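Okay, so the sequence shown: first residue is 833 according to the numbering used here, each after it adds one. Beta carbons are placed, not taken as given, at the ideal position from N, Cα and C, and that holds for glycine. Here the structure is a predicted model, which is why all the values come from computation and not from measurement.
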Amino acid sequence: MPSVRGSPPSSSPIIHSPSKFNFISISTMVSQDTHYKVFLAEYCRIPENHHAIYIDSHPSDPVSRHGQIFHVIGSLQTGLKFETRTVVFPFDTPGGESIQHIGWILKGDQTAEECFRRVEAVCLTIPPPKKQYNLMKRLYPDEPIRHCQHWIQEAKEALFAANILEPLNPDDDGQVILRETTERGAVAL
């Protein structure tokens, strides 16, 4: 159908009308075709659950859904150190407790490995929690205790500040999804 003079072609998503505004949602531009979905992943550990940033780089792999994890490992007795590695989707592990969609990372024309290196470079600027105990004695009683959860929050903020991690779209669900919910089939990921 030909367009009326001065109006956009009928295939255009924008409606030019003084009484109506048609805003294009960012989500029409952000998808798993153009971006990696980024999650805060929580794993069941003793004495406290472990947090990590998980980038879902292969969400539709028919054999094994997997991605890259960014976190700090160790203990308050020994100090923590940064680690990144390829892992299966958090719910495909025995300890995967919950996930929360926290944002998107643009794929662009870079490979997944190049994208991961950019994330890693930012993560390396965040000092991991140092040794904070010698047996049961706190080494720095005037300083607040810092766990992996604190490091993850700082890394997430740094990734947003570096414009690597893009915020959720208005129609994205940023709710915490528990493993038990997905096992009952209540949530599509």
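Environment of leucine 956 [buried if 16+ CB atoms lie within 10 Å]: exposed
Pairwise C-alpha distance: valine 954 and leucine 938: Each residue's alpha carbon lies about 15 Å from the other.
Chain B contact for arginine 950 (CB, 8 Å cutoff): In summary, chain B is missing from the structure at hand, where a single protein chain is found.
Rounded Cβ spacing between histidine 903 and phenylalanine 921 (contact assumed at less than 8 Å): At roughly 15 Å, the Cβ-Cβ gap does not stay under 8 Å, so histidine 903 and phenylalanine 921 are not in contact.
C-beta contact flag for tyrosine 965 and leucine 908 at 8 Å: yes
Anticipated Cβ contact below 8 Å, isoleucine 934 with valine 919, distance rounded: Wrong, their Cβ atoms sit about 17 Å apart, outside the cutoff.
N-terminal and C-terminal residue of the beta strand (DSSP E) that isoleucine 1009 is part of: 1008-1010
Residue from Val951, Ser889 and His867 whose Cα sits closest to the Cα of alanine 994: Each of Val951, Ser889 and His867 was checked against the Cα of alanine 994, and the nearest Cα belongs to Val951.
Check: lysine 913 C-beta below 7 Å from any heavy atom of the ligand SAM: Ligands are entirely absent from the displayed structure, and the ligand SAM is therefore not among its contents.
Nonlocal neighbours in the same chain, by C-beta distance under 6 Å from lysine 869, ignoring five residues either side: Asp888
Straight-line Cα distance separating alanine 873 from glutamate 1012: 14 Å
Continuous beta strand (DSSP E) stretch holding histidine 883: start and end: 882-890
Where the alpha helix (DSSP H) through leucine 991 begins and ends: Residue range 980-993 is occupied by the alpha helix (DSSP H) that includes leucine 991.
Beta-carbon proximity check, isoleucine 1009 vs isoleucine 885, cutoff 8 Å: Result no, Cβ atoms of isoleucine 1009 and isoleucine 885 do not sit closer than 8 Å.
Beta-bridge partners of asparagine 966, as assigned by DSSP: Lys969
Pair within 8 Å by beta-carbon distance, glutamate 986 and isoleucine 958: yes
Aspartate 951 - DSSP class collapsed to helix/strand/coil: It is worth fixing the name first, because residue 951 is valine in this sequence and not aspartate. If DSSP states are grouped into helix, strand and coil, valine 951 belongs with the helices.
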